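In my numbering, the protein residues as written are 1 to 305.
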């Protein structure tokens, strides 16, 4: 019994010491927590990382470089200039130097009553193209196109066959003087294959698989031209009332025809319409004449041998 009480007293003493130690430690912790933040070590809050903002590099927009001949804003007096019509002979205007070249697919027409026509950009005008004319020929296809200028095919001639070159006439016009419209069709004529087709992009409409054309002395002119005007002429009995589709190009050998001082090439109906039988015109059937007559004025026509 005595030894048990001794052990109990000793245990009680140790327990008292342990409790006292715990109280001391607790007091120290409370005191540390109560200290000002400056003397207390705390985990630092990470400072935010500033991400640099990359400013886009500003590249100046390039100004398009004008293509082709320089613009000409001169106001010209057109009163003394010859008018570009089917009857005109204008030696100053050039003939087509690339008769089998491509066409642009654009037609031009004068904005005003008359527009200046130049032999070359930068020169003085040598003729005037009317906006309207009784025999048309005022909607003209573009064969070269630039910012300030277009080169176009024209009606009329540079010279009569007996004195010079009567081939397809051309001239230059300022884009400021014309309205430009898109063209979607080209008439392709092959004298060798005896075919006439209306071509629109990838589509090809056959107009004729045989036709009449010029004899050796009065051949059908080869090269590019365009639809000048479309007429029905009852006095031409051989057409049997079908339309004539007149082209811009004239005979390479005839100064005039039928009492007139012009020798215009045309598509028209004729009963005899196979092979070399005409004075240069292209003789087709009634359906072919109707199809070609429906094309817009100024539609390009390309005739190959």
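From the three backbone atoms N, C-alpha and C, an ideal C-beta is built for every residue, glycine too.
Quick caveat, the model's predicted, so the values are computed rather than measured.
Proximity to residue 193 [Cα-Cα], best of 253, 305, 286: 305
Helix, strand or coil at residue 290 according to DSSP, with G and I counted as helix: helix
Which listed residue (301, 202, 297) has its alpha carbon closest to that of residue 139: 297
Whole-angstrom distance between residue 114 and residue 132, CA atom to CA atom: 9 Å
Reduced DSSP secondary structure (H/G/I, E/B, other) of residue 176: helix
Helix, strand or coil at residue 108 according to DSSP, with G and I counted as helix: strand
Per DSSP, cross-strand counterpart(s) of residue 268: 283
Secondary structure of residue 133, DSSP reduced to three states: coil
For residue 76, three-class secondary structure by DSSP: coil
Cutoff 8 Å; reference residue 177; Cβ partners in own chain excluding five residues on either side: 110, 111, 112, 115, 116
The beta strand (DSSP E) enclosing residue 154, as first and last residue numbers: 149-154
Which residues DSSP lists as bridging residue 87, in chain order: Looking at the DSSP assignment, residue 87 forms no beta bridge with any residue, so it has no partner.
In DSSP terms, what residue 307 is bridged to: Absent from the model: residue 307. The displayed extent of the chain is 1 to 305, so no value can be given.
Secondary structure of residue 238, DSSP reduced to three states: helix
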